[in-house]
């Protein structure tokens with residue numbers, strides 16, 4: 001087995017795009033470079049190649065604002081690897097200089113359990129912010145908006161292909177390059193909502209709020225108010 | 241071999257018959273009694289090995305079953321984990337990942353499992369927690385720990401008992417939901433932290449899970465970073481006044497980051513358990529093979545000794 005060069009050489013990850021090399025740093029530090037086998041034959045990515053031109057996607061993007069932490073951490077690191085940071089795994093956004101306003105909006109719609117839209121190109125998105133409804137089209141000023149329970153309308157094609165979701169709340173971020181991220185806690189298509197259940201729920205929470213007026217602790221009052229707010233929004237969303 | 245088995249079967253049948261008909265017990269044929277005595281003597285040396293073999297075989301079966309259960313759980317957890325990454329990412333891009341952020345009150349949230357037999361992931365998280373605490377410790381800085389998972393608690397309480405603010409157990413018992421993450425985030429908020437660091441294992445593949453530190457800032461720290469030239473300044477705020485929005489944003493950030501971290505750690509736990517049980521099963525099979533060889537060797541030695549005795553006795557009688 002050919003031993004690698006001087007220990008000062010940069011330790012590098014496997015050159016295969018998308019492959020995970022499990023023991024690069026440990027093995028590398030302990031023994032230098034070693035060719036352990038053809039990963040295509042082995043069926044899994046465990047290969048240490050002598051350093052060659054790196055595949056660009058194998059390089060981790062540098063995390064700004066972590067150098068101080070890592071240097072402090074190094075004192076207590078021992079045999080551990082460096083910790084990863086979540087931004088290591090986020091694809092860096094390419095900065096486009098002097099870009100013109102794009103035709104369509106790049107729309108991302110996330111809920112905790114799924115990504116409803118990811119990178120979809122849409123014309124218009126109507127968002128229910130706490131300060132009022134507003135629409136987002138390409139070229140919108142960068143905004144951070146808090147959402148209230150209401151309807152998010154996604155116009156894939158202006159007024160032609162519209163999907164409506166009821167969201168319980170969350171945040172919307174509109175970036176300078178016309179990318180819009182909407183993070184909601186819950187989002188359901190309007191067609192999935194049962195109008196009878198909505199009417200019943202509204203009646204229940206209005207009753208609860210009325211009975212708690214003046215008495216009852218703050219938490220129960222707040223819960224009842226939130227219930228009334230959500231059900232009224234559902235009510236108006238369904239047009240009842 | 242077969243003849244010997246026949247003999248032992250015969251002797252056992254006689255014994256059973258003797259038990260069923262007590263009247264006949266005293267009249268058991270003498271050869272059967274002799275057979276039993278010989279059988280007992282032969283068994284004694286191999287009995288221990290046989291017991292060991294049985295228990296090792298059982299262990300192998302159990303670990304194999306655990307491996308299959310962990311593999312199926314990991315498959316479904318993987319899908320959910322990939323889906324959960326979406327909600328944490330925009331906040332990360334907007335507010336930035338700031339591991340260098342400094343604050344007076346630091347809270348560390350190591351995320352571990354409740355059940356054991358899952359390899360080294362819990363020890364890894366605890367090691368990184370201890371190292372981070374030592375790294376960030378300094379004058380007029382306070383640190384506290386909110387442990388998620390029983391395994392983390394039992395490890396950290398040995399030397400960091402005074403710093404543990406609270407423990408949360410049974411997070412994955414039914415299912416990890418966003419509501420659960422929000423409730424835990426509320427609990428973490430009671431520490432009134434400036435900087436919160438979540439330490440968990442991020443899932444990459446069935447054999448790769450990397451310890452990751454996610455940093456979440458309180459509204460005040462966010463404001464400080466924004467003034468220092470963060471991204472947040474470039475955005476218009478549509479919402480209640482800036483302070484309230486920052487507060488809601490920070491809480492939402494903590495809840496979604498925590499939700500993602502819980503899902504990732506859960507998936508890593510299942511993958512690690514699968515790997516650990518796989519190696520356990522292999523070890524058990526190996527041990528069983530070795531024990532079988534020992535058993536056979538002992539058994540054959542006893543038979544050979546018996547034969548030698550019989551033959552030498554017969555020769556002595558004849559000659």
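Residue numbers (the numbering used here), protein chains in the order written: chain A, 1 to 240; chain B, 241 to 559.
Just so it is clear, CB atoms sit at the ideal spot from N, CA and C, and this is done for glycine as well.
As assigned by DSSP and simplified to three states, the class of residue i
| i | result |
| --- | --- |
| residue 386 of chain B | strand |
| residue 480 of chain B | coil |
| residue 115 of chain A | strand |
| residue 76 of chain A | coil |
| residue 357 of chain B | coil |
| residue 139 of chain A | coil |
| residue 162 of chain A | strand |
| residue 452 of chain B | strand |
| residue 84 of chain A | strand |
| residue 121 of chain A | strand |
| residue 180 of chain A | strand |
| residue 189 of chain A | strand |
| residue 339 of chain B | coil |
| residue 437 of chain B | strand |
| residue 442 of chain B | strand |
| residue 65 of chain A | coil |
| residue 378 of chain B | coil |
Local Cβ density within 10 Å of residue i, reported as buried at 16 or more and exposed below that
| i | result |
| --- | --- |
| residue 196 of chain A | exposed |
| residue 434 of chain B | buried |
| residue 214 of chain A | exposed |
| residue 189 of chain A | exposed |
| residue 179 of chain A | buried |
| residue 222 of chain A | exposed |
| residue 291 of chain B | exposed |
| residue 159 of chain A | exposed |
| residue 449 of chain B | buried |
| residue 513 of chain B | buried |
| residue 185 of chain A | buried |
| residue 28 of chain A | Low local confidence applies: a pLDDT of 42 at residue 28 of chain A is under 50, so the model's placement there is unreliable, with the coordinate-based value given in what follows. So residue 28 of chain A counts as buried. |
| residue 521 of chain B | buried |
| residue 92 of chain A | exposed |
| residue 510 of chain B | buried |
| residue 555 of chain B | exposed |
| residue 465 of chain B | buried |
| residue 415 of chain B | exposed |
Euclidean distance between Cα positions of residue i and residue j
| i | j | result |
| --- | --- | --- |
| residue 503 of chain B | residue 162 of chain A | 32 Å |
| residue 441 of chain B | residue 372 of chain B | 15 Å |
| residue 519 of chain B | residue 169 of chain A | 46 Å |
| residue 123 of chain A | residue 458 of chain B | 35 Å |
| residue 402 of chain B | residue 238 of chain A | 54 Å |
| residue 145 of chain A | residue 182 of chain A | 9 Å |
| residue 305 of chain B | residue 299 of chain B | 10 Å |
| residue 436 of chain B | residue 344 of chain B | 11 Å |
| residue 154 of chain A | residue 171 of chain A | 16 Å |
| residue 201 of chain A | residue 231 of chain A | 7 Å |
| residue 233 of chain A | residue 129 of chain A | 12 Å |
| residue 229 of chain A | residue 362 of chain B | 43 Å |
| residue 109 of chain A | residue 446 of chain B | 28 Å |
| residue 359 of chain B | residue 444 of chain B | 16 Å |
| residue 166 of chain A | residue 407 of chain B | 35 Å |
| residue 62 of chain A | residue 499 of chain B | Low local confidence applies: a pLDDT of 43 at residue 62 of chain A is under 50, so the model's placement there is unreliable, and no value is given. |
| residue 337 of chain B | residue 310 of chain B | 32 Å |
| residue 543 of chain B | residue 282 of chain B | 8 Å |
| residue 495 of chain B | residue 103 of chain A | 34 Å |
| residue 474 of chain B | residue 176 of chain A | 9 Å |
| residue 550 of chain B | residue 294 of chain B | 32 Å |
| residue 548 of chain B | residue 355 of chain B | 55 Å |
| residue 393 of chain B | residue 405 of chain B | 11 Å |
| residue 334 of chain B | residue 462 of chain B | 11 Å |
Check: residue i C-beta below 6 Å from any heavy atom of the ligand GTP
| i | result |
| --- | --- |
| residue 388 of chain B | Annotation note on the ligand GTP: not contained in the displayed structure, which lists no ligands. |
Residues, ordered as in the chain, of the stretch 418-438 of chain B that lie near chain A by beta-carbon distance below 7 Å: 418
The stretch 419-427 of chain B in contact with the stretch 116-133 of chain A per 3-pair CB rule at 8 Å: no
Inter-stretch contact (C-beta, 8 Å, three-pair minimum) for the stretch 475-483 of chain B and the stretch 409-420 of chain B: no
Cβ contact check for the stretch 78-85 of chain A and the stretch 142-160 of chain A: 3 or more pairs under 8 Å: no
Short-range partners of chain B found in the stretch 157-168 of chain A, where Cβ spacing is below 8 Å: none
Three CB pairs or more closer than 8 Å across the stretch 485-495 of chain B and the stretch 315-322 of chain B: no
Near-chain B residues of the stretch 121-144 of chain A - C-beta to any C-beta below 8 Å: 129, 130, 131, 134, 141, 142, 143 and 144
Chain-ordered residues of the stretch 349-372 of chain B with a beta carbon less than 9 Å from chain A: 364, 367, 368, 370, 371 and 372
Inter-stretch contact (C-beta, 8 Å, three-pair minimum) for the stretch 381-400 of chain B and the stretch 341-361 of chain B: yes
Interfacial residues, the stretch 456-484 of chain B to chain A, with Cβ spacing under 8 Å: 472, 474, 475, 476, 477, 478, 479 and 480
Chain B contacts from the stretch 77-90 of chain A (Cβ-Cβ distance under 9 Å): 77, 78, 80, 81, 83, 84, 85, 86, 87, 88, 89 and 90
Positions along the stretch 183-209 of chain A whose CB lies within less than 7 Å of some CB in chain B: 183 and 185
Against chain A: residues of the stretch 322-342 of chain B by CB proximity under 8 Å: 323, 324, 326, 327, 328, 329, 330, 331, 332, 333, 334, 336, 337, 338, 339, 340 and 341
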